[in-house]
Amino acid sequence: MVKEFEEEESDILYKVNINGAEVILYVLLEFQSKVDFQMPIRLLFYMIEIWRDTLKNTDKNERKRKNFKLPAIIPIVIYNGKNNSKQLISGWYEL
1 MVKEFEEEES
11 DILYKVNING
21 AEVILYVLLE
31 FQSKVDFQMP
41 IRLLFYMIEI
51 WRDTLKNTDK
61 NERKRKNFKL
71 PAIIPIVIYN
81 GKNNSKQLIS
91 GWYEL
């Protein structure tokens with residue numbers, strides 16, 4: 001991963017069966033104790049790095065297969081700071 005994103009705390013990888021097909025779900029947990037109005041773009045960067053890492057670690061022939069899929073990523077931000085979180089996230093929807 002990119003150097004600034006090295007502090008992964010609680011990412012979880014699940015393999016689930018949906019309609020007979022194996023689906024990989026990557027749950028990206030981000031704990032925030034400080035306000036970061038750039039969180040949506042940070043999450044996007046994290047997700048891109050996860051996909052890049054997946055591609056890098058997958059055999060070239062496997063990546064070329066028609067049924068190859070990157071993992072679905074579910075980003076979750078848990079705010080544990082002192083400020084009122086409802087006021088903090090109101091501006092995120094406008095990004």
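Numbering (UniProt numbering), first residue to last: 1 to 95.
Beta carbons: idealized from backbone N, C-alpha and C, even for Gly.
Taking the alpha helix (DSSP H) that residue i belongs to, which residues open and close that run?
{"i": "Lys56", "result": "39-56"}
Quick one: what's got a C-beta closer than 6 angstroms to residue i's C-beta in the same chain, skipping five residues either side?
{"i": "Ile12", "result": "Val27"}
{"i": "Met47", "result": "Ile73"}
Would you kindly report the start and end of the unbroken beta strand (DSSP E) that includes residue i?
{"i": "Lys82", "result": "Neither: Lys82 is in no beta strand (DSSP E) and is coded neither H nor E."}
Per DSSP, what kind of secondary structure is residue i in: helix, strand or coil?
{"i": "Asn67", "result": "coil"}
{"i": "Asn19", "result": "coil"}
{"i": "Val2", "result": "In this predicted model, Val2 has a pLDDT of only 44, less than 50, meaning its place in the structure is not dependable enough to derive any value."}
{"i": "Leu13", "result": "strand"}
Spatial neighbours of residue i within its chain, please: CB distance less than 8 angstroms, with the 5 preceding and 5 following residues excluded, ordered by chain position.
{"i": "Asp36", "result": "Arg42"}
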